[in-house]
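There are 2 protein chains.
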Amino acid sequence: MNIEKKTKLNPIEVGFRKNKKIPVIPLARQVFETCCANPHSHPRGQLIFAESGIMRVFCEKRSWLVPPTQAVWVPPHYEHQVYFQNKVSLLNIFIDESAVSTLPTSCIVIKVSKLLKELIYKAAKIGDNYELNSPEFRLMMVVIDEIAQAEKDELFLPLGSDTRLMKTINALLDNPSSQKSLNDYAKHSGASSRTLLRLFKKETGLSFSDWRKRMKLQKAIEILVQGKSVNEVSCELGYHNSSSFIEMFRKELGLPPVKYLAKNCEAKF
Amino acid sequence: MNIEKKTKLNPIEVGFRKNKKIPVIPLARQVFETCCANPHSHPRGQLIFAESGIMRVFCEKRSWLVPPTQAVWVPPHYEHQVYFQNKVSLLNIFIDESAVSTLPTSCIVIKVSKLLKELIYKAAKIGDNYELNSPEFRLMMVVIDEIAQAEKDELFLPLGSDTRLMKTINALLDNPSSQKSLNDYAKHSGASSRTLLRLFKKETGLSFSDWRKRMKLQKAIEILVQGKSVNEVSCELGYHNSSSFIEMFRKELGLPPVKYLAKNCEAKF
DNA sequence: TTTCTATATTCATTGTCTTAGTATAGATAT
DNA sequence: ATATCTATACTAAGACAATGAATATAGAAA
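Sequences listed follow chains A and B, in order.
According to the working numbering, the first sequence is numbered sequentially starting from 1.
According to the working numbering, the second sequence is numbered sequentially starting from 270.
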């Protein structure tokens, strides 16, 4: 991914152009090729949800890789930037400042439950053409409620259902330090490496190495919280030196391991 | 299937016993074996939804075979009776008279959309333990809205009450692939073929062959949802090849099997 | 009218090959 | 514990072909 290769998108102005007093404005958009919406902010908060494809969202000096199992909440006025990889089917929910009191005040990644997904679909179908206190209005309120209740989890590991994929996923979970390549797992699972690759993308929304990376990050934090050293963690995850591990960690989570822990996890004692 | 073999269920009284002023009371129940809730009525309206398994609902001198893609709306005070075949996972939504103004005033079968299904699941999880104007309350209001907006299911399977008719209907249900003619069923049921024909028309509103067609369509969807192939379904319904089955299916429902499923039913798993 | 036999067409899945792009080991420095 | 650099092994993803499932169609038969 190369952030420098920006392509300017048509600015999204629906949320501002219309002077409607409705609190929630859903907006569906198709992105057809790798591109990047330049940094911008607006007075409405925004839930960014890619129902298919994958995106990277930048906000508050952090970035997240976001598959269709997750969405990003960007509070009102927060500057954000979104990078789309290839084709992405995008569903945005713009929420007026007056209606965000129950929502988080910083940028977070949430899990998208089946219910929330269906609600977003319906909201997108309705669009901004509804009256106050109509059934559509009530649905929009529930969309807000569901976002507010959604679980926060930036490292959520989506699983799959295909047997070959699950065989691989289980092998990876059982042995996080393994250096096996996609090819090795392919042989073990009974699918070609190309197929396994496709299965990862299709069912988890993440590529093979993105998935493995997330798994390692989860594991890393799990072990670090127990008080083990960065070196130990590197080993347990199968890295040959801590530099490599640290590099990976920082690239993904914005901060190197120890600093990240200090900031995000309860101080040890 | 034998309706006579009734077993009395513990009466469902949640809707009446509690004196809560909440408009919507969801209730999940597991039925573990073939049994029958005796005829009864209550001041709340009731949406009856079997998320898995099959049930027969009797109301207003009509009856329907209801699979998990459908639900039945019973308005307040309407006497109804439900027969459960084997294990059924039941989700009921009781709605107070004060909140049914947008809902149908007679007993109908509706399609359960993905959204409605997820809403019902969440409602069942919430139960009757919520406050007015809470997020949970708002969700319940949307449940009502969604029931009100739900499509009537043109595919519902009407049953009858005449013994000879029901003998035939049960034989058909038990053996969907049978090629038997109306005459064969007539002999078996003890009515002349002419009488049986009239009974079908009078009690189900459908001709013999229309009824059988509809039964096959319902069965088809039921099996397809389980993940079986179009070919398997064709066989199970007694067609000698999938083309014939597909042709019939598309002629009736506008779309070929797989496309219809994708559009109208939950993705498998 | 419906279903069957037969044939044709579309579509989704998978595997092979290829390319550009990416992650990590290993060395080195702070 | 962390950062940076380079060489190398690996991955991501497009193009293509092969397969088999799903679908369409048209004439014959029940």
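Backbone N, C-alpha and C fix where the C-beta goes; we use that ideal spot for every residue, glycine too.
Being a predicted model, the structure only gives us computed values, none of them experimental.
Integer Cβ distance of residue i from residue j, believed to fall under 8 Å
i: threonine 105 of chain A; j: isoleucine 144 of chain A; result: Actually they do not touch by this definition, with Cβ atoms about 15 Å apart.
i: isoleucine 379 of chain B; j: glycine 314 of chain B; result: Not a contact, Cβ separation roughly 13 Å.
i: alanine 343 of chain B; j: alanine 319 of chain B; result: It is worth fixing the name first, because residue 343 of chain B is valine in this sequence and not alanine. With 8 Å as the limit, valine 343 of chain B and alanine 319 of chain B do not qualify as a contact, their Cβ atoms being about 14 Å apart.
i: phenylalanine 325 of chain B; j: tyrosine 347 of chain B; result: It should be pointed out that residue 325 of chain B corresponds to arginine in this sequence rather than to phenylalanine. Contact flag wrong, Cβ pair sits at about 16 Å.
i: glutamate 472 of chain B; j: aspartate 431 of chain B; result: 6 Å
i: lysine 216 of chain A; j: proline 256 of chain A; result: Rounded, the Cβ-Cβ distance is 15 Å, inconsistent with contact.
i: valine 341 of chain B; j: cysteine 305 of chain B; result: Not confirmed; about 15 Å, so no contact.
i: phenylalanine 58 of chain A; j: glutamine 85 of chain A; result: About 14 Å separates the two Cβ atoms, so there is no contact after all.
i: lysine 219 of chain A; j: leucine 237 of chain A; result: 6 Å
i: leucine 465 of chain B; j: alanine 455 of chain B; result: 5 Å
Local conformation of residue i per DSSP, three classes
i: serine 310 of chain B; result: coil
i: cysteine 35 of chain A; result: strand
i: isoleucine 169 of chain A; result: helix
i: glutamate 457 of chain B; result: With the sequence shown as reference, residue 457 of chain B is identified as histidine, and glutamate is not the correct amino acid for it. DSSP places histidine 457 of chain B in helix when its eight states are reduced to three.
i: glutamine 299 of chain B; result: strand
i: isoleucine 54 of chain A; result: strand
i: isoleucine 291 of chain B; result: coil
i: leucine 522 of chain B; result: helix
i: leucine 261 of chain A; result: helix
i: serine 177 of chain A; result: coil
i: arginine 17 of chain A; result: Bear in mind that a pLDDT of 40 at arginine 17 of chain A, under 50, signals an unreliable position, so the number given afterwards is only what the model happens to contain. Of the three classes helix, strand and coil, the one that applies to arginine 17 of chain A here is helix, per DSSP.
i: isoleucine 12 of chain A; result: Note that isoleucine 12 of chain A scores a pLDDT of 42, beneath 50, so its modelled location is shaky and nothing firm can be said.
i: lysine 275 of chain B; result: Note that lysine 275 of chain B scores a pLDDT of 37, beneath 50, so its modelled location is shaky and nothing firm can be said.
When the options are compared against residue i, the one with the closest alpha-carbon
i: isoleucine 221 of chain A; options: A:Glu203, A:Thr204, A:Asn241, A:Phe245; result: A:Phe245
i: leucine 115 of chain A; options: A:Gln85, A:Asn129, A:Glu151; result: A:Glu151
i: leucine 224 of chain A; options: A:Thr204, A:Trp211, A:Phe249; result: A:Phe249
i: valine 24 of chain A; options: A:Gln81, A:Lys122, A:Ser52, A:Met55; result: A:Lys122
i: asparagine 361 of chain B; options: B:Phe425, B:Lys449, B:Gln299, B:Arg483; result: B:Gln299
i: alanine 262 of chain A; options: A:Gly227, A:Ala37, A:Ser181; result: A:Gly227
i: phenylalanine 156 of chain A; options: A:Glu146, A:Ala148, A:Met140, A:Lys213; result: A:Lys213
i: glutamine 179 of chain A; options: A:Lys202, A:Gly160, A:Leu255, A:Cys235; result: A:Cys235
i: valine 357 of chain B; options: B:Gly322, B:Pro337, B:Ala340; result: B:Gly322
i: glycine 160 of chain A; options: A:Leu27, A:Tyr239, A:Thr69; result: A:Thr69
i: proline 345 of chain B; options: B:Asn355, B:Arg331, B:His309; result: B:His309
i: glutamine 458 of chain B; options: B:Arg433, B:Glu400, B:Trp333; result: According to the sequence as given, residue 458 of chain B is serine; it is not glutamine. Taking only the C-alpha atoms, the option nearest serine 458 of chain B is B:Arg433.
i: proline 404 of chain B; options: A:Tyr239, A:Leu132, A:Met141; result: A:Met141
i: valine 499 of chain B; options: B:Gly523, B:Val527, B:Trp480; result: B:Val527
i: lysine 290 of chain B; options: B:Cys534, B:Tyr508, B:Asp397, B:Glu521; result: B:Asp397
i: glycine 205 of chain A; options: A:His240, A:Pro158, A:Glu118, A:Asn38; result: A:Pro158
i: lysine 272 of chain A; options: A:Ala99, A:Leu90, A:Phe137, A:Arg138; result: Limits of chain A in this structure are 1 at one end and 269 at the other, which puts residue 272 of chain A out of reach.
i: alanine 220 of chain B; options: B:Glu366, B:Gly523, B:Ala393; result: For chain B, the structure presents residues 270 to 538; residue 220 of chain B sits outside this window and is missing.
i: leucine 47 of chain A; options: A:Val112, A:Ser242, A:Asn183; result: A:Val112
i: serine 169 of chain A; options: A:Phe200, A:Leu139, A:Asn264; result: Looking at the sequence shown, residue 169 of chain A is not serine but isoleucine. For isoleucine 169 of chain A, the nearest C-alpha among the options comes from A:Phe200.
i: tryptophan 64 of chain A; options: A:Phe137, A:His240, A:Leu253; result: A:Leu253
i: alanine 368 of chain B; options: B:Leu388, B:Pro312, B:Ile395; result: B:Pro312
i: asparagine 402 of chain B; options: A:Arg138, A:Leu132, A:Glu131, A:Tyr130; result: A:Arg138
i: aspartate 479 of chain B; options: B:Leu451, B:Ser461, B:Thr464, B:Lys456; result: B:Leu451
Cross-chain neighbours of residue i in chain A, by beta carbon under 7 Å
i: glutamate 545 of chain B; result: Because chain B is modelled from 270 through 538, residue 545 of chain B falls outside the range shown and cannot be assessed.
Closer than 8 Å at the beta carbon, the chain A residues around residue i
i: aspartate 414 of chain B; result: Pro135, Arg138, Leu139
i: lysine 391 of chain B; result: Leu115
Where residue i meets chain A, residues with beta-carbon distance less than 9 Å
i: valine 411 of chain B; result: Leu119, Pro135, Arg138, Leu139, Met141, Val142
Interface residues of chain B facing residue i [CB-CB closer than 8 Å]
i: glutamine 30 of chain A; result: Chain B residues near glutamine 30 of chain A: none, gap ~19 Å exceeds 8 Å.
Contacts that residue i makes with chain B (C-beta to C-beta distance below 9 Å)
i: glutamine 149 of chain A; result: Pro404
* Runs of beta strand (DSSP E) lying entirely within the stretch 360–430 of chain B, each at least 3 residues, in chain order -> 377–380
* alpha helix (DSSP H) runs wholly inside the stretch 195–243 of chain A, at least 4 long, in chain order -> 208–225, 230–236
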